[in-house]
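Taking it in order: structure first as structure tokens, then the write-up.
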Amino acid sequence: MAYHSPYRTAPQSNAPADQSFLWNIFQRVDKDRSGVISDSELQQALSNGTWTPFNPVTVRSIISMFDRENKGGVNFNEFAGVWKYITDWQNIFRTYDRDNSGFIDRNELKQALTGFGYRLSDQFYGTLIEKFDRQRKGQVAFDDFIQCCIVLQRLTDVFRRYDTDQDGWIQVSYEQYLSMVFNVV
1135 MAYHSPYRTA PQSNAPADQS FLWNIFQRVD KDRSGVISDS ELQQALSNGT
1185 WTPFNPVTVR SIISMFDREN KGGVNFNEFA GVWKYITDWQ NIFRTYDRDN
1235 SGFIDRNELK QALTGFGYRL SDQFYGTLIE KFDRQRKGQV AFDDFIQCCI
1285 VLQRLTDVFR RYDTDQDGWI QVSYEQYLSM VFNVV
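Residue numbers (this note's numbering): 1135 to 1319.
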């Protein structure tokens, strides 16, 4: 993909202030000046609030959601979507991080997912914490919370395709099950 001097001016001459703001961020994050932000560039630019690198799986998931041309990164227009997506998740995270610890504990996770419409057992919330707590503190950081929600939504979407009568139960063969899981991972 060729770009003619992509960093001289913002993409639109009369861009609103928020577009100019995003363009400046885009330029700072696009370290190799390719006009596309890669997953590694995005990972370096993001903060999860724990002084550890942002979850690379989460970064790849976000990139894949917005990379319409399958180029392995996001251009400026796609980056605007990424920015809004992450900002929206920050607001959700802050809403449910009731103790302002910078982490979501089991009870906060239950409140968040119940608020999203999930009805899960207390035991399963423990399973989610175990799966998405990379730091082994019994709670999940911002980036892992996003990943937890992405995976849960993807698994739910696949499950719903098989739950034709919407009763919360499905019967699948082993190969159907494997196909379901491989569509998510």
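Just so it is clear, CB atoms sit at the ideal spot from N, CA and C, and this is done for glycine as well.
Here the C-alpha atom of A1246 lies approximately 13 Å from the C-alpha atom of D1256. For E1264, the uninterrupted alpha helix (DSSP H) run begins and ends at D1256 to F1266, by DSSP.
In the three-state DSSP reduction, S1235 falls in the coil class, being neither helix nor strand. Rounded to whole angstroms, the separation of the alpha carbons of R1194 and V1163 is 16 Å.
Of the candidates I1280, D1201, K1165 and D1173, the residue whose Cα lies closest to the Cα of I1263 is I1280. Cβ contact annotation for K1244 (same chain, cutoff 7 Å, sequence separation greater than five): Y1259, in chain order. For D1231, same chain residues with a beta-carbon under 8 Å away, outside a window of 5 residues either side, are F1237, I1238 and E1242 in chain order.
Counting only residues of its own chain and dropping the five nearest sequence neighbours on each side, R1268 has a CB closer than 6 Å to the CB of D1278.
Excluding the 5 residues flanking it on each side, R1240 has same chain C-beta neighbours closer than 6 Å at Y1259 and I1263, in chain order.
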